[in-house]
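Below is one structure, written out as structure tokens; the observations come after it.
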Amino acid sequence: MITNGSHFLFRAEAIAPLVTFRILYGLLMTYGAVRFMLNGWVEKLYGEPTFFFKFYGFHWVPEPGVTGAYLLYICMAVCGILIAAGLLYRLAVALFFVSFTWAELIDATNYLNHYYLAAILALFLFFIPANGARSLDVLIWPKLRSTTLPAWCRWAIITQLSLVYFFAGLAKLNPDWLFRAMPLAIWLPEHADLPLIGPLLAEPTTAYVFSWAGALYDLTIVCWLLWKPSRPLAYIAVLGFHLMTWLLFNIGLFPLIMITSTLIFFSEEWHERWQLRLGFSPMRPEDSRPIFNKDQVMVKWLLATFFIVQLLLPLRVLAYPGSTFWTEEGYRFGWRVMLVEKTGQATFTVHDPKTGHRAEVINSEFLTKFQEKQMAIQPDFMVQYAHHLARIYGERYDIENPRVTAEVYVALNGRTSQQFIDPEVDLAAQIDDLQHKKWIIPFRP
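So, in structure tokens, the structure goes:
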């Protein structure tokens, strides 16, 4: 079985699907970076805040300032073009990955699933020589030319996309999604003014149909894409599903990433045919290179380690008590897409232990509106914010070891607000770690 697995991973496959993927990924990343700058989001997300929230283990990531952030996004845009053109490919992918990942680690409140996916795909491209054909690199360095790649190059991306869909579907198998049609029952009627489909979206039944269809789509679409007879219809479903979500919901580049990435499921002949139609020259069979054996063991270990981590990250939610939709523990990096409508109201108070004096915090003095919205529903951000407040108030008013408490109320998927955390807990004394936060008040369905 191990031998068969090695044969499958390292058998030669045509490079055409990876060429398509490289070109579309590069162009899409350039579009995303330019769009980000033109919409003023660099200034809004990196220039306006005076405090930045961090992912666990990444508090060391520096904030480059708004000018530095613009340089990061300019680098992304340029590197995206270079990736698509296959010019200085490995360097371009490396620079893109570093600049993109750096930008996303600056403030954890900006986290989105498709940012995480884009970083993973860039990491894959760094190790995949997708510039072996139809690239400027092979014109400059002909020795790079190759019409084939090991099968793992394509199947690693297919596996990653499959995990995204599978865990997105698995997360939808919850009572709110299936039996309350939440949060779609809230979101769809907001588009009742759309021509033609607006009245339909306002119907309560539509939210249930969309909820069940969405779960079924996520859980089965990979099977239909893998099966050649159903692949064309499956891709039409991909187009319909993701274009509909793009039309109705503000979820950025995620629909476009999935629409372009899932083309990799199509056969090498399909990709070659379309590339010829677009004016590319036919590939020469004599340009194929042998698949060397010397790195096979390392490749297998790297792939196994990576995908074990990709399996464990979404499943780590099982290690925490309660609903992850409420506690947010184990929620990120788990491909839980558009599953909650959640709002919070957080009032922080700083206490002087010596005098007993206390001061209510005006959050807008320290956070942007977007940061405050995210902080008010995520307990690790509350701890980070409390530490920040303790430092600021300690220095400003010469308070030794100030206590920071918070009255936090959160509403989940259309329910009335519930108290979220113990209002007596000193958040400034809590550690921002991966352990369960016992001061979160259990959710009442």
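According to our numbering, the residues represented by the sequence shown are 611 to 1055, in order. No residue lacks a Cβ here, since even glycine has one placed at the ideal position from N, Cα and C. The structure displayed is predicted, hence computed values, not measured ones.
The three-state secondary structure of residue 1015, taken from DSSP, is strand. Within a 10 Å sphere around the beta-carbon of residue 787 sit 16 or more other beta-carbons, which makes this residue buried. Secondary structure of residue 661 (DSSP, three-state): coil.
Separation of the CB atoms of residue 930 and residue 1046 is rounded to 5 Å, and the pair is thereby assigned contact status at 8 Å. Below 8 Å, too few C-beta pairs join the segment 705-720 and the segment 882-892 to call them touching: fewer than three. A residue is called buried once 16 or more other Cβ atoms fall within 10 Å of its Cβ, and residue 1008, having fewer, is exposed. When the Cα atoms are used, residue 933 and residue 1053 turn out to be separated by approximately 7 Å.
Counting C-beta atoms within 10 angstroms of its own C-beta, residue 630 has 16 or more neighbours from the protein chains shown and is therefore classed as buried. For residue 883, the enclosing alpha helix (DSSP H) starts and ends at 878-887.
Comparing C-alpha distances from residue 730 to each of 871, 1026 and 1043 shows the shortest one belongs to 871. The beta carbons of residue 778 and residue 950 sit no closer together than 8 Å.
DSSP places residue 755 outside any alpha helix (DSSP H), giving it a letter other than H or E. DSSP assignment within the segment 914-972 yields the following whole alpha helix (DSSP H) runs of 4 residues or more, N-terminal first: 934-937.
Take the alpha-carbon of residue 935 and the one of residue 755: they are about 49 Å apart. As summarised for the segment 980-1016, there are no continuous beta strand (DSSP E) elements at least 3 residues long confined to that stretch. Under DSSP, residue 1020 forms a beta bridge with 954 and 1028. For residue 740, there is no enclosing alpha helix (DSSP H), as DSSP marks it with neither H nor E.
Residue range 622-624 is occupied by the beta strand (DSSP E) that includes residue 623, with no alpha helix (DSSP H) assigned at that position.
Taking C-beta atoms under 8 Å as the contact rule, residue 954 and residue 1019 qualify, at a distance of about 7 Å. In this structure, residue 987 places its C-beta atom within 8 Å of the C-beta atom of residue 938. Only exposed fits residue 908, as fewer than 16 other CB atoms lie within 10 angstroms of its CB. For the pair residue 746 and residue 702, the CB atoms are not nearer than the 8 Å cut-off. The Cβ neighbour count for residue 984, taken over all protein chains shown within 10 Å, is at least 16; the residue is labelled buried. In the pairwise beta carbon analysis, the segment 713-725 is classified as touching the segment 650-670: at least three pairs are separated by under 8 Å.
Partner residues in the beta bridge of residue 759, as assigned by DSSP, are 623.
If you check the CB distance, residue 758 and residue 625 come in under 8 Å.
Counting only the Cα atoms, residue 789 lies some 42 Å from residue 686. The C-alpha of residue 628 is placed about 29 Å away from the C-alpha of residue 681.
No Cβ-Cβ contact shorter than 8 Å links residue 781 with residue 817. Between residue 998 and residue 976 the beta-carbon gap is near 7 Å, inside 8 Å, which marks them as a contact.
Distance from residue 845 to residue 835 at the Cβ level is roughly 7 Å; contact confirmed, criterion being Cβ atoms closer than 8 Å. The beta carbon of residue 1035 sits closer than 6 Å to those of 1049, all from its chain and outside the five residues before and after it, given in chain order.
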